[in-house]
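Following: one structure in structure tokens, then a few remarks.
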Amino acid sequence: MITFDHVSFSYPEVALPALHKVTLTLVESTFTLISGPSGAGKTTLLRCLNGLVPHFSGGVLTGRIRVGDLDPVALGPEVMCRHVGFVFQDPETQFVMDYVEDELAFALENAAMSRAEMRSRVGEVIELLDLGPLRHRSLATLSGGEKQRIAIAAALAFRPRVLVLDEPTSQLDPRSAREVLEALGRLNRDLGLTVILAEHRLERVLPFADRLVYLPAAEAPVVDGVPDEVLGQIDLVPPVTTLGKALGWSPLPVTVAEGRRFCEGMSVQGAEGPKPLPESARAEIRRKALGPQRGSQSPAGAPRQGRGRSDEAGPTLVAEGLSVAYDGKPVLTDVSLSLYPGQVTALLGRNGAGKSTLLKALVGLVPHQDGSVWLSGRETSGMAVADVCREVAYLPQDPNALLFAETVLEELHITLRNHGVTVAEVEPAPEALLETLGLLHKVTAYPRDLSVGERQRAALAAILVTQPSTVLLDEPTRGLDYDAKDRLLALMHRWRVEQRAVLLVTHDVELVAEAADRVVILDGGGIAAEGSPAELLGAPVFGDSEAANPFMPQMARLFPGSGWLTVADVLSGLRSSPVLSPPSPNPGGGES
Amino acid sequence: MHPLAWFAWLGTASLVTLLTRNPLYLVVLFVIFILVMDVERASQRAAADSSGYDSAPSDRGLPLSPLRFALFAVPAGAVFNLLTSHVGETVFFRLPAAIPLIGGALTAEALLYGAISGLVLVTLFTAFAVLNLALPVRDLIAYIPRAFYPVAIVSAIAVTFVPNTLRQFRQVREAQAIRGYKMHGWRDWLPLFLPVLVGGLERALQLAEAMTARGFGGGARTHLAPVARISLVAGLAGVLGAGVAQLTPTWASAAPAFLIAGALLMGAAIWHAGRGVQHTRYRRPVWHSMDTFVVVACGIAVVPFLIWAESRAYSPYPALAWPLFDLRLGGGLLGLMAPAFARRFSEQSDDHI
Chain E
50 MITFDHVSFS YPEVALPALH KVTLTLVEST FTLISGPSGA GKTTLLRCLN GLVPHFSGGV
110 LTGRIRVGDL DPVALGPEVM CRHVGFVFQD PETQFVMDYV EDELAFALEN AAMSRAEMRS
170 RVGEVIELLD LGPLRHRSLA TLSGGEKQRI AIAAALAFRP RVLVLDEPTS QLDPRSAREV
230 LEALGRLNRD LGLTVILAEH RLERVLPFAD RLVYLPAAEA PVVDGVPDEV LGQIDLVPPV
290 TTLGKALGWS PLPVTVAEGR RFCEGMSVQG AEGPKPLPES ARAEIRRKAL GPQRGSQSPA
350 GAPRQGRGRS DEAGPTLVAE GLSVAYDGKP VLTDVSLSLY PGQVTALLGR NGAGKSTLLK
410 ALVGLVPHQD GSVWLSGRET SGMAVADVCR EVAYLPQDPN ALLFAETVLE ELHITLRNHG
470 VTVAEVEPAP EALLETLGLL HKVTAYPRDL SVGERQRAAL AAILVTQPST VLLDEPTRGL
530 DYDAKDRLLA LMHRWRVEQR AVLLVTHDVE LVAEAADRVV ILDGGGIAAE GSPAELLGAP
590 VFGDSEAANP FMPQMARLFP GSGWLTVADV LSGLRSSPVL SPPSPNPGGG ES
Chain U
119 MHPLAWFAWL GTASLVTLLT RNPLYLVVLF VIFILVMDVE RASQRAAADS SGYDSAPSDR
179 GLPLSPLRFA LFAVPAGAVF NLLTSHVGET VFFRLPAAIP LIGGALTAEA LLYGAISGLV
239 LVTLFTAFAV LNLALPVRDL IAYIPRAFYP VAIVSAIAVT FVPNTLRQFR QVREAQAIRG
299 YKMHGWRDWL PLFLPVLVGG LERALQLAEA MTARGFGGGA RTHLAPVARI SLVAGLAGVL
359 GAGVAQLTPT WASAAPAFLI AGALLMGAAI WHAGRGVQHT RYRRPVWHSM DTFVVVACGI
419 AVVPFLIWAE SRAYSPYPAL AWPLFDLRLG GGLLGLMAPA FARRFSEQSD DHI
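Chains as they are written, first to last, in our numbering: chain E, 50 to 641; chain U, 119 to 471.
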């Protein structure tokens, strides 16, 4: 049993407490998901379990914490590391050695364990996490998912009873994230290991979790229990639960599998939206680009801009037959892409498919060996990156790199100065831009002190101040909570109205379902498919089984072939479909 | 290859480089080191390729390639010596003697001597670069005295941080370009340092936290026992005393004794302190016949340099002269190619398995 008894904690020189009188009991051998908005104290709570708070962080802690019968505050991380394994968000920053096996043995060497004992333990974790093929590899050659599994194995080398993970999948693509979570699920089931994991993307983790703890932002009490009970009490929940709430399903479905039991008797024939495509049509999609032909509605209810209208305006940014190679190794091969005003294009693909390279090549940060890039009808070869970026706003994966001024407002002024533009020349003025981004109260704040979502918006402000015609976003939802994601979504809708072209690189298929007008799938450096979201996310394009399309959002998996991608799609589809009667709750399945 | 065989190679390579000022031998050494490095890099790349994952080029790359360093260091050494050393018979022209430091005759001998000094530096740098490429971090750490274990870990991290910092530097430079920042001169680079510094500190803190969470630093003893402290201070005094003794005619003969006694006392203190560090090693490197081959080959390279001292010596002063090339010495240097042969041989035997 792990208990928090009226635990409060404040970081040094910070007035507001990070944890306020938290009382909580976590049951051993369960898989507990900790969720809550940014700044609610999830990270702090996790670090209390192994004594990093307060031993590493400093600060004032009151109340009582027990992990079994151990007191992490009294014992500190040096002792607690043998009982509580810890895995951090970024696999890159937690490795000391350069080879897998050495990394696994690092903590054991520090503990002066005998060589025989070390060998047996390293062998054990390699077996547990199925790392045999990676054993002798250099860490630099591993993929993100593999690195995170190594980090988990390294944390398990001491045979702890509890494994704590702080957003371990936030940097991973859906498939790698599933690999990591499945490994955790196995450890929990087979060994009875207590897994405590913090994550923003509930839909990813809920299928594996049997307890859910919700830490609210304010000083409200912690909500804790089995997932469907907790989800019933909070607002920000995964799409399948939102739908369950809207349709009055009980018990509330937490996963798509649970949701399906309510849908078994439902017929979606007659519902609007494209049907599953025959193989010939899918092959056609793979071959050539298709414009969006989606009949669905955006959440705001306004019809999305089709490409037909944007076509009249002509594309703002065009890549033609772009090929890029690093050190002679091809990364992109013959990629052609056009971005139209008023259209949000989502670029999907696995880690390492070349998505970020494509964005960099579009603005000229990476030279291309073949092909060309055209900006508003002008070829960009020979143009400085700085000049391209006056018209093309590019937000890199880590927005921190963009921020270096003393205040948020100063960031905007620096960009203007760099481009030789005076504040009076821009419309809207920097302050007005910050207001639309919800940062007006932060104009004088030090940018690196802001929350993740705020930092990202400050970086966006710094690149949007020149009023660019095109916006390129590289994984903008990494580390964002539902609230920050909603703000980003609202921004994208605004850009669409303002007739900006948006290219969105993301692993977040729910965001794509909500925001995109067109989807491009990149695989192995080339465009594998291009089409409307309903066509590419609504049905299994890359094979016959649903599992063969990792890009299907929850609603598409719940109603395969319906063309519905979001909860709003489903609700409006159900309303307009006369053949559908409201489904009766049927958790047992098969009767209605 | 066994780490100790690598250390033997590095020791020989550095010794030979430092023993000679003959530019012909130095060029041969430089070429040999570059070749060894190339073989090492190629085999590492092949290993990464066969692992099937499309990785970026070697992450433990150097901040500066030896060839590029040579392009800078050799001319820089030559020009510096030309301007500051006014010895030699082949005078290009004379600067007014009134100009401090650079005033006087500018000679071809000084130019050549400076270039040779630059070449020595570049050759040494390359030898160390080979070791950095060839040995994994664990082997670099494993042979540092246990008393310095925490320091060793920190240095190892510093080594692995260099490429990270370079990557981050590139990221920040890109980020600045995105925001319309154009770089014309060196002053324009200044705004890049702050974000790199701040980012580096943030990452250092994250790593420190991750290491703490894995129990690092828990067992390390931070205080030396009184005996060890006294021994360390006495040892330092002995070494300093040796330096002072050297300057006084009556004590000069005792200087070596002071030096040895001081070194022994310091060694003992470090050994004693090392006993307090709780730490074991996961790997025990295995000594193969190839390692013996490398060590023997290193001996073949160094022994001629020790025996025929007059053949290795060269000085451009007082007047330019063509350096001699003694085949006994030059041929022996080929022994330093041994790691490349060892690597090729072990790859071939791997293929047969």
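Each residue gets a CB set at the ideal place from its N, CA and C atoms; glycine is no exception.
Query, Result
"Return the residue from the list Pro457(U), Gly380(U) and Pro313(U) that minimises the CA-CA distance to Thr413(U).", "Per the sequence presented here, residue 413(U) reads as Val, with Thr not at that position. The shortest Cα separation from Val413(U) among Pro457(U), Gly380(U) and Pro313(U) belongs to Pro457(U)."
"In chain order, which alpha helix (DSSP H) runs of at least 4 residues are fully inside the region 384-465 of chain E?", "404-412 and 434-440"
"What first and last residue would you give for the beta strand (DSSP E) that runs through Thr74(E)?", "Leu68 to Leu75"
"Ile262(U) by DSSP, collapsed to three states: which one?", "coil"
"Name the chain U residues whose beta carbon is nearer than 7 angstroms to that of Tyr443(E)?", "Ile296"
"Determine, using beta-carbon pairs with one atom in the region 473-493 of chain E and one in the region 401-416 of chain E, whether at least three such pairs fall under 8 angstroms.", "no"
"Under 6 angstroms Cβ to Cβ from Arg399(E), same chain only, skipping five residues before and after it: list those, please.", "Asp222"
"So if I threshold CB-CB distances at 8 angstroms, which residues from the region 489-521 of chain E count as touching chain U?", "Arg497, Ala511, Ile512 and Thr515"
"Is the Cβ of Leu325(U) closer than 8 angstroms to any Cβ of chain E?", "yes"
"State the DSSP-derived secondary structure class of Glu524(E), mapped to helix, strand or coil.", "coil"
"I'd like the list of long-range same chain contacts for Leu230(E), defined as Cβ closer than 6 angstroms, with 5 residues on each side in sequence excluded.", "Phe257"
"The region 457-490 of chain E: which residues have C-beta closer than 8 angstroms to a C-beta of chain U, in chain order?", "Ile463, Thr464, Asn467 and His468"
"Taking only three categories from DSSP, how would you classify Leu529(E)?", "coil"
"What's the C-alpha gap between Arg431(E) and Leu177(E)?", "Reading the sequence as shown, one finds Gly at residue 431(E) and not Arg. Computed Cα separation, rounded: 53 angstroms."
"Put Glu476(E) into one of helix, strand or coil per three-state DSSP.", "coil"
"Enumerated in chain order, which unbroken segments of the beta strand (DSSP E) with a length of 3 residues or greater are wholly contained in the region 194-277 of chain U?", "209-213 and 222-225"
"Name, please, each residue of chain U whose Cβ falls closer than 9 angstroms to the Cβ of Asp566(E).", "Per Cβ cutoff of 9 angstroms: no residues; Asp566(E) is ~25 angstroms from chain U at best."
"At which residues does the beta strand (DSSP E) containing Val244(E) begin and terminate?", "Thr243 to Ala247"
"On a Cα-Cα basis, can you pick out the residue from Met162(E), Thr142(E) and His542(E) that is closest to Leu188(E)?", "Thr142(E)"
"For Met167(E), decide whether its Cβ has a neighbour in chain U, counting only Cβ atoms nearer than 8 angstroms.", "yes"
"Any C-beta of chain U sitting closer than 8 angstroms to the C-beta of Pro126(E)?", "yes"
"Taking any Cβ of chain U, which residues in the region 380-405 of chain E have a Cβ under 9 angstroms from it, in chain order?", "Val380 and Gly401"
"Ser385(E) to Leu255(E), Cα distance in whole Å?", "38 angstroms"
"Taking all protein chains shown into account, decide if Thr515(E) is buried (16 or more other Cβ within 10 angstroms of its Cβ) or exposed.", "buried"
"Is the region 91-101 of chain E touching the region 207-225 of chain E, taking contact as three or more C-beta pairs under 8 angstroms?", "yes"
"Determine the burial state of Pro422(U): buried for a count of at least 16 other Cβ atoms within 10 Å of its Cβ, exposed for fewer.", "buried"
"Hey, could you find the ends of the beta strand (DSSP E) His397(U) is sitting in?", "Neither: His397(U) is in no beta strand (DSSP E) and is coded neither H nor E."
"I need the DSSP call for Phe135(E), collapsed to helix, strand or coil.", "strand"
"Could you compute how far the alpha carbon of Gln220(E) sits from the alpha carbon of Asp139(E)?", "7 angstroms"
"Kindly indicate which three-state DSSP category Phe144(E) falls into: helix, strand or coil?", "coil"
"What residue from Asn159(E), Arg186(E) and Glu150(E) has the CA that sits closest to Ser169(E)'s CA?", "Glu150(E)"
"Could you tell me which chain E residues have their CB closer than 7 angstroms to the CB of Leu312(U), listed as they occur along the chain?", "Phe453"
"Would you list, in chain order, the members of the region 130-158 of chain U that have their beta-carbon closer than 7 angstroms to a beta-carbon of chain E?", "none"
"Does the region 599-616 of chain E come close enough to the region 273-293 of chain E to have 3 or more Cβ pairs within less than 8 angstroms?", "yes"
"On the DSSP letters alone, give me the boundaries of the beta strand (DSSP E) that Leu261(E) sits inside.", "Arg260 to Tyr263"
"Can you check which of these residues, Ala165(E), Ala226(E), Met162(E) and Ala206(E), is closest to Ser192(E) by C-alpha distance?", "Ala226(E)"
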